[in-house]
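These notes are about the structure you will find just below.
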Amino acid sequence: MEKTEATTIDIGESNKERKGKAPLLPNPPPPFVAKAKGAVGGYKKGVAIFDLILRLSAVATAIGAVATMANAEETLPFFTQFFQFQASYDDLPTFTFFVVAMSFVLGYLVLSIPFSIVSIARPHAKAPRMLLIVSDTVMLVLATSTASASAAMVYLAHNGNPNANWLAICNQFTDFCQQSSGAVVSAFITVVLLILMVALSAIALRNVRRI
1 MEKTEATTID IGESNKERKG KAPLLPNPPP PFVAKAKGAV GGYKKGVAIF DLILRLSAVA
61 TAIGAVATMA NAEETLPFFT QFFQFQASYD DLPTFTFFVV AMSFVLGYLV LSIPFSIVSI
121 ARPHAKAPRM LLIVSDTVML VLATSTASAS AAMVYLAHNG NPNANWLAIC NQFTDFCQQS
181 SGAVVSAFIT VVLLILMVAL SAIALRNVRR I
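The sequence shown: position 122 = 122 (UniProt numbering), numbered continuously.
See below:
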């Protein structure tokens, strides 16, 4: 019988042969990880820029609300100079509160602009964004309360209340009612802008994991 030759298979280098060689380096991270981080930074920077635009728009609408209400007054022309009917915003405590509260909101919005610019320069910084979201929420509550109360007064001025024998005055004081109504509309626009700013701050604080 013929003997079959033994075949050997070289599996690889032995441990002795591998000694002295440099260890295998781990695989480098895939290139898309760096791109993902850069995309998150660009995303947050875009949100911060949009926040600044909304903040500047809110400053404009708050200025319009304060200036319009502060100048809301009218004197009926068909009486003598010694006996006239006059309507002014400071005759109503609600409208006086409106001017004071919206002035406070306006001052805050102006002071918050530098923090919004910091969020653009450092989109990953959380401290300025946390300060803005808390302060924006407080100003949102203040602006909403004063706008709602003034809207109720404007409604009474236009329609009155027969059950309480409160007469509508807008048939006589048309300019006063138009000015006060315009101020309330500007205040509600400011409220909407504040809501959007709070939402943007919440989005910017959220960790974006999917790109």
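Each residue gets a CB set at the ideal place from its N, CA and C atoms; glycine is no exception.
Leaving out five residues before and five after residue i in sequence, what residues of the same chain have Cβ atoms less than 7 Å from its Cβ?
i	result
L196	L54
A70	Y89 and V99
T61	S186, I189, T190 and L193
W166	L156 and G160
S148	none
A65	M102, A183, S186, A187 and T190
T96	Y89 and D90
By Cβ distance below 6 Å, which residues in the same chain neighbour residue i in space, the five residues on each side in sequence not counted?
i	result
Q179	T68 and A72
C177	A157 and C170
E74	A87, F173, D175 and F176
Within a Cβ cutoff of 8 Å, which residues of the same chain sit near residue i, ignoring the five residues on either side of it in sequence?
i	result
I49	I120
L205	K126, R129, M130 and I133
I113	L52, R55, L56 and V59
residue 212	Since the first and last residues shown for the chain are 1 and 211, residue 212 lies out of range.
D136	S112, L194, M197, V198 and S201
If you reduce the DSSP assignment to three classes, tell me which class residue i lands in.
i	result
Q86	strand
N165	coil
A125	coil
N171	coil
G182	helix
L92	coil
R55	helix
G64	helix
G160	coil
Per DSSP, which residues does residue i bridge with? Please list them.
i	result
T190	Looking at the DSSP assignment, T190 forms no beta bridge with any residue, so it has no partner.
T75	Q86
Could you give the C-beta distance for residue i and residue j, rounded to a whole number, given that I count them as a contact under 8 Å?
i	j	result
V110	V59	6 Å
I117	L56	11 Å between Cβ atoms; not a contact.
Touch test, the stretch 98–110 against the stretch 179–193, Cβ-Cβ under 8 Å, three pairs minimum:
yes
Count the CB pairs spanning the stretch 186–193 and the stretch 137–146 that are closer than 8 Å, and state whether there are at least three.
yes
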